[in-house]
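Using UniProt numbering, the first residue of the sequence shown is number 1, and each one after it goes up by one. C-beta: ideal position from N, C-alpha, C; glycine also. The model shown is predicted, which means the values in this text are computed figures rather than measured ones. Reading through the structure tokens given below for one structure.
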Amino acid sequence: MIERKNMLVPVLLSGGVGSRLWPVSRELHPKQLLPLAGEFSMLQATLQRTDGLSAAPPLVVCNEEHRFMVAEQLRQIDIEPTALILEPAGRNTAPAVALAALHLQALDPEAVMLVLPADHLIQRVEAFSAAVAAALPLAESGRLMTFGVVPSSPETGYGYIRRGAVISTDVYDLDRFVEKPDVVTAQGYLDSGEYLWNSGMFLLRADSYLSQLEQHAPAMLAACREAMAGAASDLDFVRPDAAAFARCPSDSIDYAVMEHTDAGGVVALDCGWSDIGAWSALWEVGERDDQGNVASGDVLLDNCSDSYFRSDSRLVAATGVQNLVVVETSDAVLVADRNQVQDVKRLVSALKAQQRPEAELHAKVYRPWGSYESLVEGERFQVKRIIVNPGQKLSLQMHHHRAEHWIVVHGTAEVTCEDRVFMLAEDESTYIPLGHKHRLANPGRIPLELIEVQSGTYLGEDDIVRFEDVYGRGAESSEPPKEKDA
């Protein structure tokens, strides 16, 4: 257990979209919310590795689209956060950490923030905890500490940190940050022993960080102060003022503060760290067979080597291939050379340019109340599988252009249709006529599963009028057509 003078608060940054891990990671369900390297999601695993730090409940900074999924994942591991701050727009890491620091000022101006990206993998948690313990006294004294990963190869995909004078074992003054190098330069860094990979993790006092931000990026701090001064509380979320935050410059902690401060320090960290920035990273950290393959899911291989295979929904079979990445989901398949997986981001850009929903959504879409999955779609009809979590309910709503049939296959449904409220058990069904106000709820203790058959002249998800919603969404749907109308 770490001894400390000040409140230690894990601050999770959960704003990324992980486009290089498409098709599993998508804009509205990104990699930090997925179980890519174990039983738990990357966000959950990040929180769990802070258990031994005797820390306060975490503060999470995320965006609007992910808010309910983040809250649900915290609930699943019995964590009540200090706050969930919703960024009105993406402005990189320096403003995100400023929002957290400004919020913590009211609780403890000298609170120490352990800033962690929510989508990184650490295999040796004990080494991580020891590095935090080594950095903590310096952070409590006002130093801005970062963690540099001891490099194991001349990696060109990471930025580097050059360490300065020795403070104590594995703890150094911070000399400078350097950009992602070419392979020759990276080899020189590795040979010198003076450079560490930039992990993007920090340990710093809230007031120290804000003081440095005021010195080196005053316009950024002013915008963040104004945004938090005008913040509103919405359910369990803190919403900074959107107009004020829109005026905030976009920059990383590295550029905005750490490259300019004379109060920086770095701890050398050797803990099996990876930012899981591409499919090749999961091959590197995965358990390989005798031919160098990593396989996840229903996979059958013959005469394959040095490849990564992942199946989420059906059999993937391969023969006579090497050095590939093959990733299957219910609505997309990726095949790539393992040495060119960084280029997956270009595919995502092409999908967005074609306005393909696969860039942003899975066939299964998570909502505050549960999830829905499109099964069949044809002219004038659509079939969906809907799961409503125990105690949850959809909005009271109506549609102008479609009717709906509901068939309960598991659990018990409470149905509102105009002035009627009634229950449906398993194998029972009902019909919701076009234009009728309706609501679906799960009053039970087990998930409610039903099949919804939509029929009508227009089945777009923007055909909705909301009259009441427990999740604070507007009466008229402001969600894009691709999202569930509930």
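Is the stretch 145-162 close to the stretch 257-275, with three or more CB pairs under 8 angstroms? Verdict: yes, contact present.
Quick one: grab the DSSP three-state call for VAL344. By 1-based counting over the sequence shown, the position of residue 344 is 344. Secondary structure of VAL344 (DSSP, three-state): helix.
Going by beta carbon distance, what residues of the same chain come within less than 8 angstroms of ALA98, once the five residues before and after it are set aside? Against the sequence shown, residue 98 aligns to sequence position 98. Closer than 8 angstroms at the Cβ level, and outside the excluded window around ALA98, lie TYR209, LEU210, LEU213, MET220, LEU221 and CYS224.
Report the start-end ranges of each beta strand (DSSP E) in the UniProt domain "MannoseP isomerase/GMP-like beta-helix" (307-351) that is 3 residues or longer and not cut off at the edges. Runs found: 308-311, 316-319, 324-328 and 333-337.
Going by CA-CA distance only, name the one from LYS393, LYS345 and PHE40 that's closest to GLU468. The residue you call residue 468 lines up with position 468 of the sequence shown. Comparing alpha carbon positions, the residue from LYS393, LYS345 and PHE40 closest to GLU468 is LYS393.
Which same chain residues, not among the five before or five after PRO35, have their C-beta less than 7 angstroms away from its C-beta? Against the sequence shown, residue 35 aligns to sequence position 35. These residues qualify, in order along the chain: SER41.
On the DSSP bridge assignment, give the partners of VAL149 in chain order. In the sequence shown, counting from the first residue as 1, residue 149 sits at position 149. When beta bridges are read from the DSSP output, VAL149 appears opposite TRP197 and LEU269.
For the structure I just gave you, are there three or more beta carbon pairs, one from the stretch 82-98 and one from the stretch 54-66, closer than 8 angstroms? Touching, per the Cβ criterion.
Taking ALA413 as the reference, which of ILE451, ARG75 and ARG402 has the closest Cα? Within the sequence shown, numbered from 1, the residue matching residue 413 stands at position 413. Among ILE451, ARG75 and ARG402, the Cα nearest to that of ALA413 belongs to ILE451.
Contacting residues, own chain, Cβ-Cβ under 6 angstroms from LEU28 (five flanking each side not counted): Numbered from its first residue, the sequence shown carries residue 28 at position 28. Cβ neighbours of LEU28 beyond the five flanking positions: GLU65, GLU360 and LEU361.
Let me confirm a value: ARG143 is counted as buried when at least 16 other C-beta atoms fall within 10 Å, else exposed. Which label applies? Taking the sequence shown and counting its residues from 1, one reaches residue 143 at position 143. Answer is buried; the Cβ neighbour count reaches 16.
Could you tell me the alpha carbon to alpha carbon distance between LYS484 and ILE386, rounded to whole angstroms? To locate residue 484, count along the sequence shown from 1; it is residue 484. To locate residue 386, count along the sequence shown from 1; it is residue 386. In this prediction, LYS484 has a pLDDT of 40, which is less than 50 and means its spatial position is unreliable; nothing more can be read from the coordinates.
Please report the distance separating the alpha-carbon of GLU377 from that of VAL383. Numbered from 1 along the sequence shown, position 377 holds the residue referred to as residue 377. Numbered from 1 along the sequence shown, position 383 holds the residue referred to as residue 383. Near 6 angstroms, if we compare the C-alpha coordinates of VAL383 and GLU377.
Same chain, Cβ closer than 7 angstroms to GLN234, five either side skipped, listed in chain order: Taking the first residue of the sequence shown as 1, we reach residue 234 at position 234. In the sequence under discussion, the amino acid at residue 234 is Asp, which differs from the Gln named in the question. Answer for ASP234: GLY472, listed in chain order.
Just mark GLN355 as buried or exposed, buried being the case when its beta carbon has 16 or more other beta carbons within 10 Å. In the sequence shown, the residue the question calls residue 355 occupies position 355. Classification for GLN355: exposed.
Count the other C-beta atoms from every protein chain shown that fall within 10 angstroms of the C-beta of TRP189, then say buried if there are 16 or more, exposed otherwise. Translated into positions along the sequence shown, residue 189 becomes position 189. Looking at the sequence shown, residue 189 is not Trp but Tyr. The residue in question, TYR189, is buried, as its Cβ has 16 or more Cβ neighbours within 10 Å.
By how many angstroms is the C-alpha of ARG91 removed from the C-alpha of SER252? By 1-based counting over the sequence shown, the position of residue 252 is 252. By 1-based counting over the sequence shown, the position of residue 91 is 91. The alpha-carbon atoms of SER252 and ARG91 are separated by roughly 8 angstroms.
Would you mind sorting PHE422 into buried or exposed? The rule is 16 or more other CB atoms within 10 Å of its CB. Locating residue 422 in the sequence shown gives position 422, where the first residue counts as 1. By the neighbour-count rule (16 or more Cβ atoms within 10 Å), PHE422 is not buried but exposed.
From LEU53 to VAL125, what does the alpha carbon distance come to, in whole angstroms? As a working note, residue 53 is residue 53 in the sequence shown. As a working note, residue 125 is residue 125 in the sequence shown. So the alpha carbons of these two residues sit roughly 11 angstroms apart.
Enumerate, from N- to C-terminal direction, the unbroken beta strand (DSSP E) stretches of 3 or more residues contained entirely within the stretch 358-436. Qualifying beta strand (DSSP E) stretches, in chain order: 364-367, 370-378, 381-388, 396-398, 402-410, 413-417, 420-424 and 429-432.
Measure the beta-carbon distance from LEU434 to ALA403 and round it to whole angstroms, keeping in mind my assumption that it falls under 8 angstroms. On the sequence shown, residue 434 is found 434 positions in, with the first residue counted as 1. On the sequence shown, residue 403 is found 403 positions in, with the first residue counted as 1. Confirmed, Cβ separation roughly 5 angstroms.
Bridge partner(s) assigned by DSSP for ASN63: Residue mapping note: residue 63 aligns to position 63 of the sequence shown, counting from 1. Answer is GLU87, bridged to ASN63.
In angstroms, rounded to a whole number, what distance separates the CA positions of ALA127 and ASP108? Within the sequence shown, numbered from 1, the residue matching residue 127 stands at position 127. Within the sequence shown, numbered from 1, the residue matching residue 108 stands at position 108. Each residue's CA atom was taken as its position, placing ALA127 and ASP108 some 28 angstroms apart.
What is the DSSP secondary structure of PRO137, counted as helix, strand or coil? Translated into positions along the sequence shown, residue 137 becomes position 137. Reduced to three states, the DSSP call for PRO137 is helix.
DSSP state of GLY264, grouped into three classes? Within the sequence shown, residue 264 is the residue found at index 264, counting from 1. For GLY264, the three-state secondary structure derived from DSSP is strand.
Let me confirm a value: ILE446 is counted as buried when at least 16 other C-beta atoms fall within 10 Å, else exposed. Which label applies? The sequence position of residue 446 within the sequence shown is 446, counting from 1. With fewer than 16 other Cβ atoms within 10 Å, it is exposed.
What three-state label does DSSP hand GLU214 in the structure shown? Stepping through the sequence shown from its first residue, residue 214 is reached at position 214. GLU214 falls in the helix class under three-state DSSP.
C-beta atoms of VAL171 and ALA134 nearer than 8 angstroms: Here residue 171 refers to the residue found at position 171 of the sequence shown. Here residue 134 refers to the residue found at position 134 of the sequence shown. Contact: yes.
Between which residues of its own chain and MET201 is the CB-CB distance below 6 angstroms, once the five residues before and five after are set aside? In the sequence shown, the residue the question calls residue 201 occupies position 201. Residues LEU116 and PHE147 of the same chain have their beta carbon placed closer than 6 angstroms to that of MET201, with the five preceding and five following residues left out of the count.
Excluding sequence positions up to five away, which residues of its chain have a Cβ less than 6 angstroms from the Cβ of TRP283? As a position in the sequence shown, residue 283 is number 283, starting the count at 1. Closer than 6 angstroms at Cβ, skipping near neighbours: VAL294 and TYR308.
Could you give the distance in angstroms between the alpha-carbon of ALA363 and the alpha-carbon of SER330? Translated into positions along the sequence shown, residue 363 becomes position 363. Translated into positions along the sequence shown, residue 330 becomes position 330. C-alpha separation (whole angstroms): 7 angstroms.
Check for me: the beta strand (DSSP E) holding PRO10 runs from which residue to which? Start at 1 with the first residue of the sequence shown, and residue 10 comes out as number 10. From DSSP, the beta strand (DSSP E) with PRO10 extends over 8-14.
Who are the Cβ neighbours of ALA45 in its own chain at under 7 angstroms, not counting the five residues just before and after it? Here residue 45 refers to the residue found at position 45 of the sequence shown. Taken in chain order, the residues that qualify are GLY38.
Determine the DSSP secondary structure at GLN105, reduced to helix, strand or coil. Within the sequence shown, the letter at position 105 stands for residue 105. The DSSP-derived three-state label of GLN105 is helix.
Beta carbon of VAL178 nearer than 8 angstroms to that of TYR160: Along the sequence shown, one-based indexing puts residue 178 at 178. Along the sequence shown, one-based indexing puts residue 160 at 160. Cβ atoms of VAL178 and TYR160: closer than 8 angstroms.
What did DSSP end up calling LYS482 once you bin it into helix, strand or coil? Residue 482 sits at position 482 when you count from the first residue of the sequence shown. Low local confidence applies: a pLDDT of 37 at LYS482 is under 50, so the model's placement there is unreliable, with the coordinate-based value given in what follows. Look at LYS482 here: in three-state DSSP terms it is coil, with no helix or strand label.
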